[in-house]
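Q:
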Amino acid sequence: MPLDQPENFAPLAAGNPHDVVRAFSANPAFRAAEWEELTTEDNPYRRPVRPDDLAWLDYSTQMPVAKALKLSALLGHRMLRNVYDSELLFLPPAASPAAASDAATFYSDSNRTLGALAAPVLERHLFSLLESERKPLAAYGTDQVTAAIEAYHQQRTAETGRAFTTALGTSDRKASATFVLLQLSAYLPASRVAIGRAALGEFDAGHPGARVALLDDYRTWAGLHPEYRSLLEGAGLTTTTGAYWQLYLGTSLARGNHLHRLSRNREQYPEFLGALLHHSIDQSVTAARFADVFEDGFGVRPTLFDHLGGEPGHLRELAGRWVGPLRRLYGPEAVERFHNGFADAAWLAQLWDEDLAQQLAWADDIPLHQEKAERIHRHIEDNGITVDLDTFVESNEETSTTHVHDEHRLVMVERGEMHFWNNVTHKIDLHEGDKVLIPVSRLHGSTVLSGECTYHQPIIPEDMYARF
Numbered sequence: 161m162p163l164d165q166p167e168n169f170a171p172l173a174a175g176n177p178h179d180v181v182r183a184f185s186a187n188p189a190f191r192a193a194e195w196e197e198l199t200t201e202d203n204p205y206r207r208p209v210r211p212d213d214l215a216w217l218d219y220s221t222q223m224p225v226a227k228a229l230k231l232s233a234l235l236g237h238r239m240l241r242n243v244y245d246s247e248l249l250f251l252p253p254a255a256s257p258a259a260a261s262d263a264a265t266f267y268s269d270s271n272r273t274l275g276a277l278a279a280p281v282l283e284r285h286l287f288s289l290l291e292s293e294r295k296p297l298a299a300y301g302t303d304q305v306t307a308a309i310e311a312y313h314q315q316r317t318a319e320t321g322r323a324f325t326t327a328l329g330t331s332d333r334k335a336s337a338t339f340v341l342l343q344l345s346a347y348l349p350a351s352r353v354a355i356g357r358a359a360l361g362e363f364d365a366g367h368p369g370a371r372v373a374l375l376d377d378y379r380t381w382a383g384l385h386p387e388y389r390s391l392l393e394g395a396g397l398t399t400t401t402g403a404y405w406q407l408y409l410g411t412s413l414a415r416g417n418h419l420h421r422l423s424r425n426r427e428q429y430p431e432f433l434g435a436l437l438h439h440s441i442d443q444s445v446t447a448a449r450f451a452d453v454f455e456d457g458f459g460v461r462p463t464l465f466d467h468l469g470g471e472p473g474h475l476r477e478l479a480g481r482w483v484g485p486l487r488r489l490y491g492p493e494a495v496e497r498f499h500n501g502f503a504d505a506a507w508l509a510q511l512w513d514e515d516l517a518q519q520l521a522w523a524d525d526i527p528l529h530q531e532k533a534e535r536i537h538r539h540i541e542d543n544g545i546t547v548d549l550d551t552f553v554e555s556n557e558e559t560s561t562t563h564v565h566d567e568h569r570l571v572m573v574e575r576g577e578m579h580f581w582n583n584v585t586h587k588i589d590l591h592e593g594d595k596v597l598i599p600v601s602r603l604h605g606s607t608v609l610s611g612e613c614t615y616h617q618p619i620i621p622e623d624m625y626a627r628f
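Start counting the sequence shown at 161; every next residue gets the next number (our numbering).
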């Protein structure tokens, strides 16, 4: 779709917003994964999205809270990250024909134009739910907002976090630590880049010191790259952006996307600064907990978190540094907007904690979910229960790009063999007659190993799932 033919874009801009998203997802760099592309350490532009699924999803609507962990959220945040990243420089560790080919489409004028059209559609779909989840304060003066932030900091300091507790309680701690690290790599660098993006401009006259503070944050992060690289390499991973794209939870992408959205949309500067303050608090209270998980899983305590774990400073002074100028520039409503940005980031962090904890617990006990699958299937057969069923017939090396289901499902192999996977550390062999239970919203993918594989996916109603 060359830019010298603007008539190709005009119908999209004026038509169904979902069609814009579908056109953006059709970029060859976002095509479904091949069997050898579980990871893409040599190619930061290769980012499978599952574009075929957009035939039955609808991004023209606002996503309800009930779908925040479901497929439209996962694929939506994948696409939105691709929009944001197409505006930034990423380089492969070495030149290769595959990376060069995908870079050409990733950085093409067509992709950037479609991304510009798709971004507001995706942002509305993915982030509109945040407004309904905010808990309003009695008043939005500087003192009330600061008191609420101080109370949140105390609460977060006292809580360990479900994800960290779950990771430290699993049987395969190395696999759990690896998956936690993958999630950190999905949002921490993106968050810091978003902060660096926010520093671009000339706004010292209106907000003295803000630009230097934002630049200093990004400069600090850039200076910590050796420690970040050491952490990933110690786990057998690489720092290539998007290297483990298929294994990023939608909530991990969402946390980085939220800061990107606010820093990129300059009219949301008050909300951005609120989210930035949350980022500082979250970083300070989780640094030691990340270090505990990685030391437990990899045997070495990483030094990166020594630099990230300091207190965010006196919160009342820090909030005053941001809120005072905002109030002068935008009026009294800026204080509420600042708090909205903070509250939205806090909600996304809580959702991430719950999502990651559930994923870790499920992935650590696949044998239990295989046994549950047998019991559920026997219950269905013995009682003559009819459930909705999808059947797939796939050929050798056919790969299912990682995804989540919007309902509980069994995977039952009738004929053939496949690899089933939910981490970079291992694959799970499924043979003829094998079954596994996949709860709603649990990230997974598969690859066919035999010449042909036939498998079924019965959809398990919530009440039946609860019984087992």
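For each residue, glycine too, the CB sits at the ideal point set by N, CA and C.
1) Find the nearest neighbour of residue 439 within the set 405, 406, 475, judged by alpha-carbon distance.
2) Identify whether residue 607 lies in helix, strand or coil by the three-state DSSP scheme.
3) For the alpha helix (DSSP H) holding residue 239, just list the boundary residues, first then last.
4) Between the Cα of residue 210 and those of 204, 177, 194, 260, spot the shortest distance and give me the residue it belongs to.
5) Is it buried or exposed, residue 330, if we count other Cβ atoms within 10 angstroms and call 16 or more buried?
6) Could you work out which residue in 341, 418, 334, 239 is closest to residue 271 when comparing CA atoms only?
7) If you draw a straight line from the C-alpha of residue 162 to the C-alpha of residue 235, how long is it?
8) Looking at the secondary structure, which residues open and close the beta strand (DSSP E) in which residue 595 lies?
9) Just to confirm the assignment: which complete beta strand (DSSP E) runs, minimum length 3, are found wholly within the segment 547-589?
10) Keeping to the same chain, check which residues put their C-beta closer than 7 Å to that of residue 358; ignore five residues upstream and five downstream.
11) Residue range of the beta strand (DSSP E) that residue 618 falls in?
12) What did DSSP end up calling residue 201 once you bin it into helix, strand or coil?
13) Helix, strand or coil: how does DSSP classify residue 195 here?
14) If you scan the segment 312-396 from start to end, which runs of the alpha helix (DSSP H) of 4 or more residues do you find wholly inside it?
15) List the whole-angstrom C-beta distance separating residue 345 from residue 392, where the pair is believed to meet the contact cut-off of C-beta under 8 Å.
16) So residue 400 and residue 204 are supposed to be a Cβ contact under 8 Å. How far apart are they, rounded?
17) Go through its chain and collect everything with a Cβ distance to residue 164's Cβ below 8 Å, but skip five positions before and after it.
18) Taking the continuous alpha helix (DSSP H) assigned at residue 263, which residues delimit it?
19) Short of 7 Å in beta carbon distance, which residues of its chain neighbour residue 628, apart from the five on each side in sequence? Order them along the chain.
20) Tell me where the alpha helix (DSSP H) around residue 524 begins and ends.
21) Between which two residues does the alpha helix (DSSP H) harbouring residue 411 extend?
22) Which residue comes first and which comes last in the alpha helix (DSSP H) that contains residue 479?
23) Mind checking whether residue 453 and residue 327 have CB atoms under 9 Å apart?
24) So residue 225 and residue 292 are in contact, right, with Cβ under 8 Å, and what is the actual spacing, rounded?
25) Quick check on residue 301: does DSSP put it in helix, strand or coil?
26) Does the Cβ of residue 482 have 16 or more other Cβ atoms within 10 Å, making it buried, or fewer, making it exposed?
27) Under 7 Å Cβ to Cβ from residue 378, same chain only, skipping five residues before and after it: list those, please.
28) What number of angstroms, rounded off, separates the C-alpha of residue 562 from the C-alpha of residue 470?
29) What distance in whole Å lies between the Cβ atoms of residue 463 and residue 387, which are believed to be in contact at a cut-off of 8 Å?
30) Pick helix, strand or coil for residue 468, following the three-state DSSP scheme.
31) Please state whether DSSP places residue 275 in a helix, a strand or coil.
32) What did DSSP end up calling residue 164 once you bin it into helix, strand or coil?
33) On a Cα-Cα basis, can you pick out the residue from 366, 298, 425 that is closest to residue 496?
34) I'd like the span of the alpha helix (DSSP H) that includes residue 451, first residue to last.
A: From the atom records:
1) As a first step, residue 439 must be located in the sequence shown, where it is residue number 279. The candidate whose alpha carbon is nearest that of residue 439 is 475.
2) Numbered from its first residue, the sequence shown carries residue 607 at position 447. Here residue 607 sits in strand by DSSP.
3) Start at 1 with the first residue of the sequence shown, and residue 239 comes out as number 79. Per DSSP, residue 239 belongs to the alpha helix (DSSP H) from 231-245.
4) To locate residue 210, count along the sequence shown from 1; it is residue 50. Ranking the options by Cα distance to residue 210, first place goes to 194.
5) As a working mapping, residue 330 is identified with position 170 in the sequence shown. Counting Cβ neighbours within 10 Å, residue 330 comes out buried, since at least 16 surround it.
6) Taking the first residue of the sequence shown as 1, we reach residue 271 at position 111. Of the candidates 341, 418, 334, 239, the one whose C-alpha sits nearest the C-alpha of residue 271 is 239.
7) Translated into positions along the sequence shown, residue 162 becomes position 2. Translated into positions along the sequence shown, residue 235 becomes position 75. Residue placement at residue 162 is poorly supported in this model, since its pLDDT is 47, which falls under 50; the coordinates still yield a value, given next. Residue 162 and residue 235: Cα-Cα distance of roughly 25 Å.
8) The residue labelled residue 595 in the question sits at position 435 within the sequence shown. Residue 595 -> beta strand (DSSP E) spans 595-598.
9) 549-555, 559-563, 568-575, 578-581
10) Looking up residue 358 in the sequence shown gives position 198. Same-chain partners within the cutoff: 374, 423, 432.
11) Here residue 618 is taken as the residue at index 458 of the sequence shown, counted from 1. Taken as a continuous stretch (DSSP letters only), the beta strand (DSSP E) holding residue 618 covers 612-620.
12) Working through the sequence shown from its first residue, we reach residue 201 at position 41. Reduced to three states, the DSSP call for residue 201 is coil.
13) In the sequence shown, the residue the question calls residue 195 occupies position 35. Of the three classes helix, strand and coil, the one that applies to residue 195 here is coil, per DSSP.
14) 322-328, 333-358, 370-383, 385-394
15) The sequence position of residue 345 within the sequence shown is 185, counting from 1. The sequence position of residue 392 within the sequence shown is 232, counting from 1. Confirmed, about 7 Å.
16) Translated into the one-based positions of the sequence shown, residue 400 becomes position 240. Translated into the one-based positions of the sequence shown, residue 204 becomes position 44. Contact flag correct, Cβ pair sits at about 5 Å.
17) Mapped onto the sequence shown, residue 164 falls at position 4. Low per-residue confidence applies at residue 164: pLDDT is 46, beneath 50, and the placement is therefore not dependable, though the value from the model is reported in the following sentence. There are no such residues.
18) In the sequence shown, counting from the first residue as 1, residue 263 sits at position 103. That run of the alpha helix (DSSP H) goes 257-266.
19) On the sequence shown, residue 628 is found 468 positions in, with the first residue counted as 1. 532, 535, 536.
20) Sequence index remark: in the sequence shown, residue 524 carries index 364 (1-based). 493-524 is the extent of the alpha helix (DSSP H) around residue 524.
21) Numbered from 1 along the sequence shown, position 251 holds the residue referred to as residue 411. Segment 410-424, the alpha helix (DSSP H) holding residue 411.
22) As a working mapping, residue 479 is identified with position 319 in the sequence shown. It spans 475-490 - the alpha helix (DSSP H) in which residue 479 sits, taken as one unbroken run.
23) Here residue 453 refers to the residue found at position 293 of the sequence shown. Here residue 327 refers to the residue found at position 167 of the sequence shown. It is a contact, given that the beta carbons lie within the stated cut-off.
24) Numbered from its first residue, the sequence shown carries residue 225 at position 65. Numbered from its first residue, the sequence shown carries residue 292 at position 132. Yes, they are in contact, since the Cβ atoms of residue 225 and residue 292 sit about 7 Å apart, within 8 Å.
25) By 1-based counting over the sequence shown, the position of residue 301 is 141. Three-state result, residue 301: coil.
26) Within the sequence shown, residue 482 is the residue found at index 322, counting from 1. Result: buried.
27) Taking the first residue of the sequence shown as position 1, residue 378 is located at position 218. Result list for residue 378: 352, 355, 356, 359, in chain order.
28) Position 402 of the sequence shown, counted from the first residue, corresponds to residue 562. Position 310 of the sequence shown, counted from the first residue, corresponds to residue 470. Spanning the two alpha carbons is a distance of roughly 36 Å.
29) Position 227 of the sequence shown, counted from the start, is the residue given in the question as residue 387. Position 303 of the sequence shown, counted from the start, is the residue given in the question as residue 463. Confirmed, Cβ separation roughly 5 Å.
30) Within the sequence shown, numbered from 1, the residue matching residue 468 stands at position 308. Of the three classes helix, strand and coil, the one that applies to residue 468 here is helix, per DSSP.
31) For this step, residue 275 is matched to residue 115 along the sequence shown. In the structure shown, residue 275 sits in a helix (DSSP, three-state: H, G or I).
32) Against the sequence shown, residue 164 aligns to sequence position 4. With a pLDDT of 46 at residue 164, under the threshold of 50, the modelled position of that residue is not reliable, and no figure is offered here.
33) Residue 496 sits at position 336 when you count from the first residue of the sequence shown. When only C-alpha atoms are compared, the closest one is 298.
34) Counting from one through the sequence shown, the residue named residue 451 turns up at place 291. Its alpha helix (DSSP H) spans residues 429-458.
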